[in-house]
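> In the working numbering, the protein residues as written are 26 to 547.
Cβ atoms here follow ideal geometry from the backbone N, Cα and C, with glycine treated the same way.
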Amino acid sequence: MAERNEATNDISENPTPFSAINQNDDSCDLNDVLQFLPSNVLNDLLSFGICVRCILRVFGVRGCIYASPDLVNNLKYNLNSSENSTTAKETKLCRLCLGILQFRFVDEKEMVVKKDSADDMSVLIAEIVKKEGYQIIDGFSFEISVPPILHENDNSFWSYMKSKFGSEPWFQEKLHTERISTKDALQFSLVSPLENLLDCKSNMSSFRIRLTYNHTKGMNGSEKCSDNDERSKRRKTGESNLVGGKPFSSSLENESSDWSESLLEMANEPCHFTCSCYREPYFFGGRYLKYSRNVSQTRWIIDDERMGEASVEEIIGGNILQACRGDSFKFHAAGREDIDVRMLGQGRPFLVEVQNARPLPSELFAKDIEKLINNLENKLVRVRNLNFVGSHGWNLMREGEAEKQKQYAALVWISRPLKDEDVQHISSLEDLKVLQRTPIRVLHRRSPLEREKIIHWMKIETIAGSSQYFLLHLCTQAGTYIKEFVHGDLGRTQPSMGSILGCRAEILQLDVTDIKMDCFLT
Numbered sequence: 026m027a028e029r030n031e032a033t034n035d036i037s038e039n040p041t042p043f044s045a046i047n048q049n050d051d052s053c054d055l056n057d058v059l060q061f062l063p064s065n066v067l068n069d070l071l072s073f074g075i076c077v078r079c080i081l082r083v084f085g086v087r088g089c090i091y092a093s094p095d096l097v098n099n100l101k102y103n104l105n106s107s108e109n110s111t112t113a114k115e116t117k118l119c120r121l122c123l124g125i126l127q128f129r130f131v132d133e134k135e136m137v138v139k140k141d142s143a144d145d146m147s148v149l150i151a152e153i154v155k156k157e158g159y160q161i162i163d164g165f166s167f168e169i170s171v172p173p174i175l176h177e178n179d180n181s182f183w184s185y186m187k188s189k190f191g192s193e194p195w196f197q198e199k200l201h202t203e204r205i206s207t208k209d210a211l212q213f214s215l216v217s218p219l220e221n222l223l224d225c226k227s228n229m230s231s232f233r234i235r236l237t238y239n240h241t242k243g244m245n246g247s248e249k250c251s252d253n254d255e256r257s258k259r260r261k262t263g264e265s266n267l268v269g270g271k272p273f274s275s276s277l278e279n280e281s282s283d284w285s286e287s288l289l290e291m292a293n294e295p296c297h298f299t300c301s302c303y304r305e306p307y308f309f310g311g312r313y314l315k316y317s318r319n320v321s322q323t324r325w326i327i328d329d330e331r332m333g334e335a336s337v338e339e340i341i342g343g344n345i346l347q348a349c350r351g352d353s354f355k356f357h358a359a360g361r362e363d364i365d366v367r368m369l370g371q372g373r374p375f376l377v378e379v380q381n382a383r384p385l386p387s388e389l390f391a392k393d394i395e396k397l398i399n400n401l402e403n404k405l406v407r408v409r410n411l412n413f414v415g416s417h418g419w420n421l422m423r424e425g426e427a428e429k430q431k432q433y434a435a436l437v438w439i440s441r442p443l444k445d446e447d448v449q450h451i452s453s454l455e456d457l458k459v460l461q462r463t464p465i466r467v468l469h470r471r472s473p474l475e476r477e478k479i480i481h482w483m484k485i486e487t488i489a490g491s492s493q494y495f496l497l498h499l500c501t502q503a504g505t506y507i508k509e510f511v512h513g514d515l516g517r518t519q520p521s522m523g524s525i526l527g528c529r530a531e532i533l534q535l536d537v538t539d540i541k542m543d544c545f546l547t
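1) Can you give the Cα-Cα distance for TYR494 and GLY311, rounded to whole angstroms?
2) Write down every uninterrupted run of the alpha helix (DSSP H) in the region 426 to 459 whose length is 4 residues or greater and which is fully enclosed by it, in chain order.
3) Using only CA atoms, which one of PHE196, ARG235 and LEU121 lies nearest to GLN212?
4) According to the neighbour-count rule (16 or more other Cβ atoms, all chains shown, within 10 Å of its Cβ), is THR323 buried or exposed?
5) To the nearest angstrom, report how far apart ARG256 and LYS187 are at their CA atoms.
6) Under a Cβ-count criterion, where at least 16 other Cβ atoms within 10 Å of its own Cβ denotes burial, should LEU443 be classed as buried or exposed?
7) At what residue ranges does the region 205 to 233 contain a whole run of the alpha helix (DSSP H), taking only runs of 4 or more?
8) Could you round the C-beta distance between ILE479 and THR501 to whole angstroms and report it? I think they count as a contact, below 8 Å.
9) Looking at the strands, I want to know which residues DSSP matches up with THR241.
10) Check whether the region 507 to 526 and the region 334 to 353 touch, using three or more Cβ-Cβ pairs below 8 Å as the test.
11) In whole angstroms, give me the CA-to-CA distance for GLU152 and PHE130.
12) Given that a residue counts as buried once 16 or more other Cβ atoms are within 10 Å of its Cβ, and exposed if not, what is VAL467?
13) CA-CA distance, LEU389 and LEU175?
14) Looking at SER147 and LEU219, is the spacing between their C-beta atoms short of 8 Å?
15) Can you look up SER192 in the DSSP assignment and give me helix, strand or coil?
16) My understanding is that LEU454 touches MET422, with C-beta atoms under 8 Å, so please give their C-beta distance in whole angstroms.
17) Taking its Cβ as the centre, do 16 or more other Cβ atoms sit within 10 Å of ASN98, making it buried, or is it exposed?
18) Look at the alpha carbon of PHE273 and the alpha carbon of ARG78, and state the distance between them as a whole number of angstroms.
19) Drop a sphere of 10 angstroms on the beta-carbon of THR116, count the other beta-carbons inside from all chains shown, and report buried for 16 or more, exposed for fewer.
20) Measure the alpha-carbon distance for ILE327 versus GLU362 and round it to whole angstroms.
21) For the alpha helix (DSSP H) that contains MET368, what are its first and last residues?
22) Expressed to the nearest angstrom, what Euclidean distance is found between the alpha-carbon atoms of TRP438 and ALA530?
23) Quick check on TRP325: does DSSP put it in helix, strand or coil?
24) When the Cα of GLU477 is compared with those of ASP456, HIS469, ARG331 and SER492, which residue comes out closest?
25) Expressed to the nearest angstrom, what Euclidean distance is found between the alpha-carbon atoms of LEU474 and LEU460?
26) Report the start-end ranges of each beta strand (DSSP E) in the region 128 to 196 that is 3 residues or longer and not cut off at the edges.
27) Taking C-alpha atoms, which residue in HIS297, ASN344, GLY415 and ALA335 lies nearest to GLU305?
28) For VAL408, which of helix, strand or coil comes out of DSSP?
29) From which residue to which residue does the alpha helix (DSSP H) around ALA391 run?
30) Compare the C-beta of GLU193 against all C-beta atoms of chain C and say whether one is closer than 8 Å.
31) So what does DSSP say about PHE510, is it helix, strand or coil?
32) Report buried or exposed for ASP352, applying the criterion of at least 16 other Cβ atoms within 10 angstroms of its Cβ.
33) I need the straight-line Cα distance from VAL379 to LEU67, nearest angstrom please.
34) I'd like to confirm the pairing. Which residues does DSSP put opposite HIS357 in its beta bridges?
35) Would you say LEU123 and CYS296 are within 8 Å of each other, going by their C-beta atoms?
36) Residues in the same chain with beta-carbon distance under 8 Å from LEU207, minus the five sequence neighbours each way, listed in chain order, please.
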């Protein structure tokens with residue numbers, strides 16, 4: 026093992042380069058690290074108020090050493106500190122990380138909290154995750170947000186180190202290593218303990234644990250650090266040999282006190298800390314049937330008054346959200362029917378997007394929700410083929426949506442008796458082109474356009490005992506306004522059922538009987 030020369034602070038004849046301790050090696054030992062670092066520099070930084078983990082990251086050290094449960098005591102013991110190794114504590118708030126790597130923070134109750142180790146901090150985070158009731162199997166993604174002032178602190182500190190130790194061999198070696206950020210050092214500290222506590226690995230999972238640190242005095246510190254950066258920049262570019270009216274050499278001598286002063290105010294209060302968990306949206310796909318003529322597809326409120334007795338969105342989405350214990354949901358459907366139109370046949374494709382669900386979805390889980398909805402007392406809505414589909418459900422539903430066909434059954438009244446030739450004539454019409462201007466009833470919310478749509482086929486079903494009422498079965502291109510096709514909308518739809526039969530025609534009831542789309546059929 027290489028020996029430290031305390032008199033010169035040099036490493037022995039054949040020093041191992043700093044790159045040797047920059048590996049993310051789980052076997053990394055504090056003694057291995059210390060033999061490459063000058064003891065006088067370590068002591069100076071400790072006494073100045075730089076925490077142990079910041080010292081390690083400044084020297085480019087990586088790996089599990091950050092999670093060591095007794096890192097402070099071990100470092101001071103190895104430096105022959107005058108403090109007792111069993112009771113040594115970091116009493117000062119670190120001027121670089123502002124307590125983040127010391128696990129000191131201000132909580133949501135504005136109370137200063139101190140955790141003794143990475144294990145203790147990890148326990149706090151794991152308890153938050155478990156309290157929220159998340160199921161985690163496929164791992165977790167660990168995200169950290171820190172205030173910008175930490176980056177300014179690092180830059181200012183690095184300029185100071187370079188001005189003071191830039192000519193020394195150990196620092197020249199350090200120049201070729203990558204500096205470790207506070208975020209990365211905190212990752213090294215917490216990930217391994219969290220993996221043990223949560224019994225899963227950290228990876229690119231859809232479940233995220235996010236630590237957010239903020240500091241109230243970031244602007245002041247940022248301005249001061251920017252002043253130091255500007256001084257450093259002037260020295261590099263040779264813009265001036267004077268700094269603040271003093272010779273450059275004098276400024277260099279005062280660099281330590283300048284840097285100390287710039288960070289002194291920032292080190293009085295730790296960062297505010299919050300831990301939040303979030304799971305990427307889950308998508309449940311299926312088909313719904315609507316049996317009531319008083320249920321809208323989405324929640325419909327006009328002047329604080331509900332229209333209809335319920336909505337498909339609330340019945341389906343609300344029950345899925347409750348089962349998933351999520352934060353919110355969004356309901357998406359392949360088109361819509363009016364509140365007074367029933368949705369029959371195989372149903373209309375839909376997606377429910379659940380934000381931040383707690384349990385993990387499965388086919389059995391989806392079937393349980395389907396049973397719950399279908400067993401509701403009011404029987405207004407029914408669900409078919411509900412399943413967890415993932416984000417690709419969007420592609421399934423959007424595929425061919427513009428070209429889809431819809432089938433309807435409409436109860437029609439005409440102003441004269443229906444004739445046999447009327448039935449034959451209507452049945453003979455195929456791929457009838459219809460021009461529709463935006464209907465009057467939706468003109469207040471739709472652009473005034475003229476659209477060409479196709480009626481693929483029609484068939485009349487007579488009603489026994491009635492000569493002026495009949496059922497019109499028809500298959501149309503998606504987006505056709507069926508009500509307007511029947512009554513003509515004051516001539517805004519041409520041709521219409523009224524114009525074809527040469528009489529007045531009114532639609533009394535309408536049902537959607539089929540939507541020709543392949544998604545969520547099984």
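Looking at the coordinates:
1) 35 Å
2) Listed in chain order, the complete alpha helix (DSSP H) runs (minimum 4 residues) inside the region 426 to 459 are 445 to 453.
3) For the residues PHE196, ARG235 and LEU121, the minimum Cα distance to GLN212 belongs to ARG235.
4) Under this definition THR323 is an exposed residue.
5) Low local confidence applies: a pLDDT of 46 at ARG256 is under 50, so the model's placement there is unreliable, with the coordinate-based value given in what follows. Each residue's alpha carbon lies about 13 Å from the other.
6) Residue environment: LEU443 is assigned as buried (16 or more neighbouring CB atoms within 10 Å of its CB, all protein chains considered).
7) 207 to 223
8) Indeed they touch by this definition, with Cβ atoms about 7 Å apart.
9) In DSSP, THR241 forms no bridge with anything.
10) no
11) 17 Å
12) Counting Cβ neighbours within 10 Å, VAL467 comes out exposed, since fewer than 16 surround it.
13) So the two alpha carbons sit approximately 48 Å from each other.
14) yes
15) coil
16) The pair is not a contact, with the Cβ atoms about 31 Å apart (cut-off 8 Å).
17) buried
18) With a pLDDT of 31 at PHE273, under the threshold of 50, the modelled position of that residue is not reliable, and the figure given next carries that caveat. For PHE273 and ARG78, the distance between alpha carbons rounds to 33 Å.
19) exposed
20) Here the alpha carbons of GLU362 and ILE327 stand approximately 18 Å from one another.
21) Judged by DSSP secondary structure, MET368 falls outside any alpha helix (DSSP H) and instead within the beta strand (DSSP E) spanning 366 to 380.
22) 6 Å
23) coil
24) ASP456
25) 10 Å
26) 129 to 131, 137 to 139 and 166 to 170
27) GLY415
28) strand
29) That run of the alpha helix (DSSP H) goes 388 to 399.
30) Any reference to chain C falls outside this structure, which holds one protein chain only.
31) helix
32) exposed
33) 51 Å
34) LEU376
35) With a cutoff of 8 Å on beta-carbon distance, LEU123 and CYS296 are scored as near each other.
36) Checking the sequence, you will find Thr at residue 207 rather than Leu. If we look at THR207 and ignore the five residues flanking it on each side, its Cβ neighbours are CYS79, ARG82, LEU121, CYS122, ILE125, LEU126, VAL171, LEU175 and ASP179.
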